[in-house]
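*Asks:* Numbering (this note's numbering), first residue to last: 305 to 639.
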Ligand code: TRP
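What follows is the structure, given as C-alpha cells:
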C-alpha cells in the first residue's frame with residue numbers, strides 16, 4: 305500500500321525486444337490497472353548486467369523499452385515507468401536483504417542454475433543474488449501485487465520469504481506481495497513450436513512476432529507458422545498451432561472463438577494465416593506509429609524519465625529509510 309492505494313510492481317529486462325506475446329499476454333491488460341493500483345513498471349537495467357552487455361546497446365534498448373511501454377498505451381503520468389539505475393535505493397536495499405537471505409535458498413533457484421549453464425564463463429555473484437535485487441525492487445514499493453510469468457514465480461516466493469523473515473524480526477516493515485491474478489491475457493505460443501510460449505529470447509526469429517516487425521515480416525512469419533496436416537480451422541487441444549492462431553486472431557480482433565470458427569469454416573490454412581497476419585498488422589500499426597512519434601520527441605521522453613525517477617525515488621527512499629533505521633544504521637543529521 306502506498307498512500308492508501310494498493311500498489312503493483314513489475315520489472316522488465318531490456319534484453320531482446322517485446323513480442324506479441326508480451327503485448328497480448330500482459331501489457332495490453334495493464335493499461336486498465338492504473339486506477340485501481342499505484343503502478344510501477346521498472347526497466348531493470350541493474351539486473352541486465354548480470355550477463356555481459358554492450359553498453360551502447362543496453363542504453364538504447366532500455367530507452368526503447370521505456371518508450372514502447374508508453375506507445376503501447378501506459379499513461380506515464382499515472383504509471384511510474386522508470387529506470388532501476390536511477391533509483392539507488394534498489395541497490396541499497398538489495399545489500400541489506402542479502403544479509404537476510406541464505407546461500408541455500410539462492411542455490412535452489414532454477415533460473416540461476418539455467419543461466420549458469422548458459423553463461424558458464426561468467427557465473428558472477430550478481431547472477432547468484434539476482435533474486436535478492438528483485439526482492440528489493442518489489443519490497444521498496446510495498447507492492448501488493450506483482451504480475452509475473454511462471455518463470456518468475458520462484459523469485460516471487462523467495463521475496464515473500466525474505467519479507468516475512470525481516471518482518472518477524474523487526475515488525476511490520478514490508479507488505480507481503482502476492483502474484484497478480486486478474487484478467488488473464490491470452491497465452492501466446494511460439495509460431496514454430498506451439499507447445500512452447502512465445503519468448504523474446506527465442507533464438508529462432510520466426511517463432512516470435514516482435515512489436516516492431518514491419519507488415520511484410522509479420523505476414524511472412526504467419527505464413528510460415530507451424531500447423532498440422534488437416535485443413536480445418538477448429539479450436540482443439542490436438543491442434544496447438546491452429547489453436548494459437550485462433551487465440552491471436554481473437555485477441556487482435558475481439559471476436560470470439562465460435563465466431564472465428566464460423567468465419568473460416570470454408571477457408572483453408574493459407575487464407576486463415578493471411579487473415580491473422582493482417583489482423584496483427586492492424587493491431588500493431590498504431591503502436592508502431594506512436595513509438596516512432598515518441599522516439600523523435602526527446603524532450604518529452606526525458607521529462608517522463610526525470611519525473612518518474614523522482615516519484616520512484618520518493619516512495620523507495622521512504623521504505624529504505626525505515627529499513628535502515630530498523631537494522632540500526634545511525635540517523636542522518638539534517639542541518
Ligand atoms: N526477473 C524478471 C524477469 O526477468 C524481471 C524483474 C526484475 C522483475 N525485478 C522484478 C519482475 C520485480 C517482477 C518484479 O522477467
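Quick reminder that beta carbons are idealized off the backbone N, C-alpha and C, glycines included.
Source: prediction; values computed, not measured.
State the start and end residues of the unbroken alpha helix (DSSP H) segment that holds residue 508.
*Replies:* Unbroken run through residue 508: none, as it is neither H nor E.
*Asks:* By the 10 Å Cβ neighbour count, where 16 or more other Cβ atoms means buried, how is residue 379 classified, buried or exposed?
*Replies:* With fewer than 16 Cβ atoms within 10 Å of its Cβ, residue 379 is classed as exposed.
*Asks:* Could you tell me the boundaries of the beta strand (DSSP E) in which residue 344 lies?
*Replies:* From DSSP, the beta strand (DSSP E) with residue 344 extends over 341-347.
*Asks:* How many Å lie between residue 600 and residue 539 at the Cα?
*Replies:* So the alpha carbons of these two residues sit roughly 43 Å apart.
*Asks:* Terminal residues of the continuous beta strand (DSSP E) containing residue 311?
*Replies:* Note, residue 311: beta strand (DSSP E), 310-316.
*Asks:* For residue 326, which residues from the same chain have a beta carbon less than 7 Å from its beta carbon, with the 5 sequence-adjacent residues on both sides left out?
*Replies:* Answer for residue 326: 504, listed in chain order.
*Asks:* Taking 6 Å as the cut-off, does the CB of residue 442 come closer than this to any heavy atom belonging to the ligand TRP?
*Replies:* True, at least one ligand heavy atom lies under 6 Å from that Cβ.
*Asks:* Any heavy atom of the ligand TRP closer than 6 Å to the CB of residue 390?
*Replies:* It does not: the Cβ of residue 390 is nowhere closer than 6 Å to a heavy atom of the ligand TRP.
*Asks:* Tell me which residues share the same chain as residue 305 and place their Cβ nearer than 7 Å to its Cβ, disregarding the 5 neighbours each side in the sequence.
*Replies:* If we look at residue 305 and ignore the five residues flanking it on each side, its Cβ neighbours are 311, 446, 448, 479.
*Asks:* If the criterion is Cβ atoms closer than 7 Å, does the pair residue 482 and residue 624 meet it?
*Replies:* Cβ atoms of residue 482 and residue 624: not closer than 7 Å.
*Asks:* Touch check for the segment 565-583 and the segment 525-545: three-plus C-beta pairs under 8 Å?
*Replies:* Verdict: yes, contact present.
*Asks:* Which of helix, strand or coil does DSSP assign to residue 386?
*Replies:* Reduced to three states, the DSSP call for residue 386 is strand.
*Asks:* Would you say the segment 312-320 touches the segment 365-376, given that touching needs at least three Cβ pairs under 8 Å?
*Replies:* Taking 8 Å as the limit for Cβ pairs, the verdict is that the segment 365-376 does touch the segment 312-320.
*Asks:* For the alpha helix (DSSP H) containing residue 354, name the first residue and the last one.
*Replies:* Note, residue 354: premise wrong, no alpha helix (DSSP H); not H, not E.
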